[in-house]
Amino acid sequence: KEIVAKKANLLMQGMQDQNIIACPKHFPGLGDVIVDPHLDIPIAYHNLGRLESIEFYPYDILINKNAKAIMTAHVLFPKLSNFPATLCKEILDILIKEKGFKNLLITDALNMKALTKYYHAGEIALLSHIAGNDILLYGAIGKASVDEIILDFFPKAFMALKQAYLEKELNEEKLNEHVLKILKAKEDLNLFENRHTPEYDPNIILNSKALKLKQKLYEEALTIYKNDGLLPVDLNNNVLYVTSSQNVAQSFIVKKLELQGIDCKSIYERHLDLSSKNLVILSIYESCVTEKLLDKIKILDPDNTIIFFFGSPYYLGDFKEFKNIVLAYQEDEDAYNAVLEYIFGNISANGRLPIDTKSL
Numbered sequence: 303k304e305i306v307a308k309k310a311n312l313l314m315q316g317m318q319d320q321n322i323i324a325c326p327k328h329f330p331g332l333g334d335v336i337v338d339p340h341l342d343i344p345i346a347y348h349n350l351g352r353l354e355s356i357e358f359y360p361y362d363i364l365i366n367k368n369a370k371a372i373m374t375a376h377v378l379f380p381k382l383s384n385f386p387a388t389l390c391k392e393i394l395d396i397l398i399k400e401k402g403f404k405n406l407l408i409t410d411a412l413n414m415k416a417l418t419k420y421y422h423a424g425e426i427a428l429l430s431h432i433a434g435n436d437i438l439l440y441g442a443i444g445k446a447s448v449d450e451i452i453l454d455f456f457p458k459a460f461m462a463l464k465q466a467y468l469e470k471e472l473n474e475e476k477l478n479e480h481v482l483k484i485l486k487a488k489e490d491l492n493l494f495e496n497r498h499t500p501e502y503d504p505n506i507i508l509n510s511k512a513l514k515l516k517q518k519l520y521e522e523a524l525t526i527y528k529n530d531g532l533l534p535v536d537l538n539n540n541v542l543y544v545t546s547s548q549n550v551a552q553s554f555i556v557k558k559l560e561l562q563g564i565d566c567k568s569i570y571e572r573h574l575d576l577s578s579k580n581l582v583i584l585s586i587y588e589s590c591v592t593e594k595l596l597d598k599i600k601i602l603d604p605d606n607t608i609i610f611f612f613g614s615p616y617y618l619g620d621f622k623e624f625k626n627i628v629l630a631y632q633e634d635e636d637a638y639n640a641v642l643e644y645i646f647g648n649i650s651a652n653g654r655l656p657i658d659t660k661s662l
């Protein structure tokens, strides 16, 4: 918890020093649940004592350092409430009243299935507001989900809030408190005096120092999830590299490995010959994980296969049979480079798994 608090504070201070509102998340905690709230409601069976000793610790530090915003978690804590934290006034009051957090409280996306599977859109918006949230957030990827938010979620949320106001369930004084907090956050950023976004200068962000730091972060994040004796990689062991991408020629890693004389194939090749290889290195990208892929990888021998997974650790349960797995977390060129450096023996993998995977 000390490591999390220290690193979160450094990131937060760096952002807020540049007039960017930092938003630590997800309160009270989302670190050790095994369900992705995009798909369903995670449940954490922690009592208040456990939360105070572990999950709350980073928030206590960040509130003391003037976090400008905090995001809530769509997590159910049955020992505290029958409502997910985002919708629960009793849980959010711990943050607001007991811990004295005075800045913006923002919901996680209210169109996630953790909520929509169990509550109506209008009900979600109303409960979120009553719980104490200042900003009701909806998240979208792609035009279809944007249309759904604008045409479905927004109208239902608005009508539910309006009806509650007309029926005196919400009062103007409380609404004004939330609006005032939003206006104050804008005033702190001087947005009423200077509304123009500075012209984008790539040299500010894409300078060599920043890019080197990003690469180092990916390298230090590499995490060995399982090792049954095949790690680190022995490239003298008659290796075949297999990618989960259907287009081998476009694979960033493939291009680098082929320059070193390593044979590279796609898992989808019709006649994939594994008989002459002592070691198979399989790269799996989260965006490629389908039932078809999971069926395809069954042809591989778990005893001589190393998986490098570029995605969320929540997917690790899909690869239970495999005994050697390294987690690279994201589909990013620097993550690919980090894996290559590890394969070539130039770096080690010392990252720590951020979730409990026992029940995956």
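Counted the way our numbering counts, the sequence shown spans residues 303 to 662. Heads up, the beta-carbon is just placed ideally off N, CA and C, and yes, glycines get one too.
Just so you know, the alpha carbons of Ala307 and Lys567 end up roughly 43 Å apart. Ile408 is bridged by DSSP to Met373 and Ile437. Pairing Phe610 with Cys590, the inter-Cα distance amounts to about 13 Å. Approximately 6 Å separates the beta-carbon atoms of Ser430 and Thr388; this is inside 8 Å, confirming the contact. Exclusion of the five residues before and after Glu635 leaves Phe554 as the residues of its chain whose Cβ lies within less than 8 Å of its Cβ.
Residue pairing from DSSP places Tyr587 in a beta bridge opposite Phe612. Going by C-alpha positions, Tyr587 is about 19 Å away from Ala651. Contact between the stretch 409-424 and the stretch 455-473 is established, with three or more Cβ pairs separated by less than 8 Å.
Assigned with DSSP and collapsed to three states, Lys401 falls in coil, not helix or strand. For Tyr543, the enclosing beta strand (DSSP E) begins and ends at Val541 to Thr545. Burial check for His348: the Cβ neighbour count within 10 Å reaches 16 or more, so the residue is buried. Taking Tyr543 as reference, the option from Asn368, Ile569 and Ile398 with the minimal CA-CA separation is Ile569. Under the three-state reduction of DSSP output, Ile323 falls in the coil class, being neither helix nor strand. Here DSSP, grouped into helix, strand and coil, assigns Pro457 to helix.
Per DSSP, Lys381 lies in no beta strand (DSSP E) and is assigned neither H nor E. Around the C-beta of Tyr502, fewer than 16 other C-beta atoms lie within 10 Å, and the residue is accordingly described as exposed. Ranked by Cα distance from Ile484, the first of Gly444, Val337, Leu453 and Ile437 is Ile437. Boundaries for Leu532: no alpha helix (DSSP H) harbours it, and the DSSP string shows neither H nor E there.
Cβ-Cβ separation between Tyr527 and Val641: approximately 14 Å, too far for a contact (criterion under 8 Å).
Taking a cut-off of 8 Å for Cβ pairs, the stretch 518-532 and the stretch 554-563 do not touch, as fewer than three such pairs fall below it.
With a cut-off of 8 Å on Cβ pairs, the stretch 489-502 is not in contact with the stretch 615-631, counting fewer than three such pairs. Contact fails between the stretch 358-371 and the stretch 335-347, because fewer than three Cβ pairs, one in each stretch, are under 8 Å apart. Secondary structure at Ser510: helix, using DSSP grouped into helix, strand and coil.
Taking one beta carbon from each stretch, the stretch 411-421 and the stretch 352-365 have fewer than 3 pairs nearer than 8 Å; the two do not touch.
With a contact defined as Cβ atoms closer than 8 Å, Pro339 and Phe379 miss out at about 13 Å.
In the displayed model, Asp605 falls within a helix according to three-state DSSP. In the three-state scheme derived from DSSP, where H, G and I count as helix and E and B as strand, Phe621 is classed as helix.
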